[in-house]
Each structure stands twice: as structure tokens, then as C-alpha cells.
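Quick note: the sequence shown uses my numbering, first residue 238, plus one each step. I have placed the structure first, in the form of C-alpha cells, so that the comments after it can refer back to it.
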Amino acid sequence: MAAESVSSLIFTPLKWTEQAACRGQHRLFFAPPGERPEARAVREAQARAVCRTCVVLGDCRSWARENREYGFWGGESEEERAAAGFRVDMPVGRVARYPRGNGQPVQPRESRIA
Ligand code: SF4
Numbered sequence: 238m239a240a241e242s243v244s245s246l247i248f249t250p251l252k253w254t255e256q257a258a259c260r261g262q263h264r265l266f267f268a269p270p271g272e273r274p275e276a277r278a279v280r281e282a283q284a285r286a287v288c289r290t291c292v293v294l295g296d297c298r299s300w301a302r303e304n305r306e307y308g309f310w311g312g313e314s315e316e317e318r319a320a321a322g323f324r325v326d327m328p329v330g331r332v333a334r335y336p337r338g339n340g341q342p343v344q345p346r347e348s349r350i351a
């Protein structure tokens, strides 16, 4: 199989990223170490504004939800994905910030390790 064919098979699921409005704006979409809540609110508002202009928002949101991504994806923060039932695997100390949703705990992701 030609190298081009192999790479298209490998990267096809993320082909939508070629149209991402956030290309080159990584700093808006992932928190720096030790980010304060106020700074996070500003950063995520800026990221949300970029997402509103993005033609692949739906694909992006689905990807992030299905893959329990960290950061701001598809117009959603990690907290918003968790509230929608797609909780991120969080390091100790961050869990308390996450919504539990309608009085019911959000179930942790099942381990992929056999
Ligand atoms: S929806 Fe937002 S995070 Fe997703 S590709 Fe578009 S701009 Fe980037």
C-alpha cells in the first residue's frame, strides 16, 4: 500500500481538524499549569468565541465527548462535557470542580486496561 494511502487511513477520523478555526491557537484551548479560575474564565470565553465561528463544531464536540478529551473542544469546557455525561478522567484535586448532574454522580469512565 502506498504511503499516502496508509496515512489517509490513519488520519481519516480527524480529517475535520483541517477546517478547525482554532488552528494555531492552542493556548486558548488548554489550561497552563496553575491557571487561576479567573484566568480560566477569560481564556475559555475567548475559546468559545472561536468555536462559534467554526464549521466543524459538531464533529469536534462529538470527538471530545467520545474520547473524554481534556481542554476546551467543540464549544465545551471539561465541566460542560461532564455535565452532558462525558466526564474526563481527572487527576486528584480537580474532581470536586466537576458537576454531578441532576443530583446523580457522573459515572467514572471504565478502564480500558484489561
Ligand atoms: S469547534 Fe472549537 S475546538 Fe473544535 S475545531 Fe472548532 S474551533 Fe477548534
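Don't be surprised by glycine CBs; every beta carbon is placed ideally from N, CA and C. These numbers were taken from a predicted model, which means no experiment stands behind them.
Helix, strand or coil for residue i per DSSP?
i	result
glutamate 272	coil
glutamate 306	coil
Which residues, in chain order, sit with a beta-carbon under 6 Å away from any heavy atom of ligand 1? Qualifying residues come out as Ala257, Ala258, Cys259, Phe266, Val287, Cys288, Cys291, Val293, Leu294, Cys297, Trp310, Gly311, Gly312.
Determine contact between the region 308-318 and the region 255-270, defined as no fewer than three beta-carbon pairs at a distance below 8 Å. The answer is yes - the region 255-270 touches the region 308-318, with three or more Cβ pairs under 8 Å.
State whether the region 250-259 contacts the region 268-279, with contact taken as three or more CB pairs (one from each stretch) at a distance under 8 Å. Judged by pairs of C-beta atoms under 8 Å, the region 250-259 does not touch the region 268-279, as fewer than three such pairs exist.
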